[in-house]
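Taking it in order: structure first as structure tokens, then the write-up.
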Amino acid sequence: MKKLINDPRAVVDESVEGFGLAHADLVTVFADPKYIVRKDAPVAGKVGLVSGGGSGHEPLHGGYVGLGMLDAAVPGAVFTSPTPDQILPATLAVNSGAGVVHIVKNYTGDVLNFETAGELAQAEGVEVRTVLVNDDVAVQDSLYTAGRRGVGGTVLVEKIAGAAAERGDNLDAVAAIGDRVNQNVRSMGVALTACTVPHAGAPSFVLEENEIEIGIGIHGEPGRHRIPMENADGITDRLLEPVVSDLGLASGDKVLLFVNGMGGTPQSELYIVYRRAAQQLAAQGVTVARSLVGNYITSLEMQGCSITVLRLDDEMTALWDAPVHTPALRWGV
Amino acid sequence: MGLDVNWALRWLTLSAQAMAEHRKELIELDRPIGDSDHGENMDRGFKAVMVKIAEAPPETAGAALKLTAMTLMSKVGGAAGPLYGTAFLRAGTALGEASDIDAATLASAFQAARDGIVARGKAESGDKTMVDAWTPAVDAATAAAGDSDVLKVLVAAAEAAEAGAVSTDPMLARKGRASYLGERSIGHRDPGAVSSALILRAAVGAVE
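Protein chains in written order, with my numbering: chain A, 847 to 1179; chain B, 174 to 381.
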């Protein structure tokens, strides 16, 4: 294992500390318990947005704390959900009295820990709503699994719900738009290589030189099936087809196309994937009205990507375009 | 002879030792069907329990288990934190203020722990989770409680939990991250069932 680290057990501590130093103009970092809040939190009259999850997905979630997106992010250990003793103070710190929305990726640990923290916050008089993100079409039979996972769609939920909160929407309205994004977004990912959790010291699964793993999540867990390596267009089609069919996209629909890198894939390759996906959507009469390409929700140094498609309406488009100023996403300001 | 607070404190100490000793093994079990973090999280959680106990030694077994619950819930993370936290909380509540725990109370505490895990995680027997260690352990403990011998109850629970952990090998996972693997989860042992068996085995060693 070759990594730019000092001590496998200090990875999250030292990384979050550095993040706080680098972005001191935007965020305040608390060390113990660990959470990151927007510099000017709580913003008077504004609904607070809190998200969190295992570390190793950077820039998710800390990178999205700031104007027009999250008010707080709660990083757990690598690939491990944060705990209620972190989520609770983060929730209290961003509550201006207008209530707080928890944006939770549908993983068992995240759900259980946010659920516990939400109950504790309610007991302290804070109104909490939860938006559960479960956009991963790789998980098919939800009756016999923990349900679809929250993956790339999470970034879009955080941006659009964050913009709604920033313009002054109330608690229920912010949660409702978050749910609406989730209902209209689907994702599917591929791994060309596995990743290595620092404290585990060895890759989380083994892929041979000529193998790829289709339907991966973002926590280094293996996906649905393994196939021989193909070219970029072939892989893109395998990812896009189930996304489009599950979403029920029709000619005339407008979408946001998001090609996300898993951490170890160069931007140039992501654009090759984007090219094919955009061509395929155009051929089906679907208009790609907005786009996002880059490493926004990663799995450490994993090579691979995910394709996320969000069916847009006018309101979601306007909220996507609204100003945002965070360490990882900035426009219009 | 019943069990007291000193048994509970030895149980937690031996559990912490077991988590440290089996940290790597639990990580290895978690690697193919989870995310390689179970051993790390349990080790970190029980080390924190040891610190809490040293800071303010609990006076009853029930209080020791509740302190364990709060610490695991806040330090372990993942699904295991809330699940073990709930288990120890329910078990501690079942013991109440008792200073001398008899066989029947012990068995009912294990049952409360199992019921808490099921209520939180919504897993059933056969889903390839820690429930597959806990349910046979509770059944064996309840059956053994008739002899009014706490050691027999603990041994029965530990042996049944160990067999239960092994029984997860051929199961198809239906809960947690392993469930995403579908058929490919078959042939792997559930790490949560293994850590549960280690903790119940530690309870036997804690009897003097």
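Virtual Cβ for every residue (Gly too), placed ideally from N, Cα, C.
Three-state class that DSSP yields for residue i in the structure shown
i, result
"His948 of chain A", "strand"
"Asn1106 of chain A", "strand"
"Thr1163 of chain A", "helix"
"Phe876 of chain A", "strand"
"Val1155 of chain A", "strand"
"Thr962 of chain A", "helix"
"Gly235 of chain B", "helix"
"Thr1042 of chain A", "strand"
"Leu895 of chain A", "strand"
"Val377 of chain B", "helix"
"Tyr953 of chain A", "coil"
"Met246 of chain B", "helix"
"Gly1098 of chain A", "coil"
"Ala1128 of chain A", "helix"
"Pro930 of chain A", "helix"
"Ile1073 of chain A", "strand"
"Val1119 of chain A", "helix"
"Ser901 of chain A", "strand"
"Ser368 of chain B", "helix"
"Leu199 of chain B", "helix"
"Ile1064 of chain A", "coil"
Proximity of residue i and residue j at Cβ, strictly below 9 angstroms
i, j, result
"Val907 of chain A", "Leu916 of chain A", "Val is not the amino acid found at residue 907 of chain A; the sequence shown has His there. Contact flag set, yes."
"Ala1184 of chain A", "Gly894 of chain A", "Within the shown structure, residues of chain A are numbered from 847 to 1179, placing residue 1184 of chain A beyond reach of any answer."
"Ala306 of chain B", "Val367 of chain B", "yes"
"Ala237 of chain B", "Ala193 of chain B", "no"
"Pro231 of chain B", "Lys220 of chain B", "no"
"Val1043 of chain A", "Phe925 of chain A", "yes"
"Met1162 of chain A", "Leu1156 of chain A", "yes"
"Gly254 of chain B", "Thr874 of chain A", "no"
"Val1001 of chain A", "Tyr1120 of chain A", "no"
"Val1105 of chain A", "Leu1127 of chain A", "no"
"Glu1057 of chain A", "Asp208 of chain B", "no"
"Ala264 of chain B", "Asp177 of chain B", "no"
"Asp982 of chain A", "Ser1033 of chain A", "yes"
"Asp931 of chain A", "Met246 of chain B", "yes"
"Gly1211 of chain A", "Gly891 of chain A", "With chain A covering only 847 through 1179, there is no way to say anything about residue 1211 of chain A."
"Gly1094 of chain A", "Thr1133 of chain A", "no"
"Asp363 of chain B", "Leu202 of chain B", "yes"
Span of the alpha helix (DSSP H) around residue i
i, result
"Phe865 of chain A", "Val857 to Ala868"
"Ala189 of chain B", "Val178 to Glu194"
"Met215 of chain B", "His211 to Glu228"
"Arg1084 of chain A", "Ala1078 to Leu1093"
"Pro255 of chain B", "Ala253 to Leu268"
"Ile827 of chain A", "With chain A covering only 847 through 1179, there is no way to say anything about residue 827 of chain A."
"Thr315 of chain B", "Val304 to Ala317"
"Val1230 of chain A", "There is no way to answer for residue 1230 of chain A, as the model of chain A reaches only from 847 to 1179."
Start-to-end residues for the beta strand (DSSP E) that takes in residue i
i, result
"Glu1185 of chain A", "The first residue shown for chain A is 847 and the last is 1179, placing residue 1185 of chain A beyond what the model contains."
"Val1134 of chain A", "Thr1133 to Gly1140"
"Gly360 of chain B", "Here Gly360 of chain B belongs to no beta strand (DSSP E), and DSSP marks it neither H nor E."
"Ala286 of chain B", "Not the beta strand (DSSP E): Ala286 of chain B falls in the alpha helix (DSSP H), residues Ala276 to Gly294."
"Ser340 of chain B", "Segment Val323 to Ser340 is the alpha helix (DSSP H) holding Ser340 of chain B; no beta strand (DSSP E) there."
"Arg975 of chain A", "Val974 to Val979"
"Pro1169 of chain A", "Note, Pro1169 of chain A: premise wrong, no beta strand (DSSP E); not H, not E."
"Pro921 of chain A", "Ala918 to Val924"
Beta-carbon proximity list for residue i, same chain, < 7 angstroms, skipping 5 on both sides
i, result
"Ala936 of chain A", "Tyr881, Val883, Val896, Ala918 and Val920"
"Ala310 of chain B", "Phe283, Ala330, Ala333, Ala334, Gly337 and Leu373"
"Glu860 of chain A", "Asn852"
"Leu327 of chain B", "Ala376, Val377 and Val380"
"Thr1111 of chain A", "Gln1149, Gly1150 and Cys1151"
"Arg855 of chain A", "His1045"
"Thr976 of chain A", "His948, Val950, Phe960 and Gly964"
"Leu268 of chain B", "Ala234, Gly235, Leu238, Ile274, Thr278 and Ala282"
"Leu966 of chain A", "Pro930 and Leu934"
Contacting residues, own chain, Cβ-Cβ under 8 angstroms from residue i (five flanking each side not counted)
i, result
"Gly1069 of chain A", "Ala984, Gly1035, Val1036, Ala1037, Glu1059, Ile1060, Gly1061, Ile1062 and Gly1063"
"Gly1008 of chain A", "Leu895, Tyr910, Gly914, Met915, Leu916 and Val1170"
"Ala313 of chain B", "Ala329, Ala330, Glu332 and Ala333"
"Ile1006 of chain A", "Ile1023, Gly1024, Val1027, Met1162, Leu1165 and Trp1166"
6 angstroms CB neighbourhood of residue i in its chain, flanking five on each side removed
i, result
"Lys325 of chain B", "Ala317"
"Arg183 of chain B", "Ala379"
*If you measure beta-carbon to beta-carbon, which residues of the segment 348-369 of chain B are closer than 9 angstroms to chain A?*
Lys348, Gly349, Arg350, Ala351, Ser352, Tyr353, Leu354, Gly355 and Arg357
*What residues in the segment 212-234 of chain B bring their beta carbon closer than 7 angstroms to a beta carbon of chain A?*
Result list: Glu213 and Asn214.
*Please name the residues in the segment 300-320 of chain B whose beta-carbon is closer than 8 angstroms to at least one beta-carbon of chain A, in chain order.*
From the segment 300-320 of chain B, no residue has a Cβ closer than 8 angstroms to chain A.
*Where the segment 933-958 of chain A meets chain B: residues whose CB sits under 8 angstroms from a CB there*: Tyr953, Thr954, Gly955 and Leu958
*Could you run through the segment 241-256 of chain B and flag, in chain order, every residue whose CB is less than 8 angstroms away from some CB of chain A?*
Met246, Ser247, Lys248, Val249, Gly250, Gly251, Ala252, Ala253, Gly254, Pro255 and Leu256
*Which residues, in chain order, does the segment 917-931 of chain A contribute to contact with chain B at a C-beta distance below 8 angstroms?*
Gly922, Ala923, Val924, Phe925, Thr926, Ser927, Pro928, Thr929, Pro930 and Asp931
*Residues of the segment 1027-1054 of chain A with a CB closer than 8 angstroms to any CB of chain B: list them in chain order, please.*
From the segment 1027-1054 of chain A, only Val1043, His1045, Ala1046, Ala1048, Ser1050 and Phe1051 have a Cβ closer than 8 angstroms to chain B.
*the segment 972-994 of chain A: which residues have C-beta closer than 7 angstroms to a C-beta of chain B, in chain order?*
Val985, Tyr990, Thr991 and Ala992
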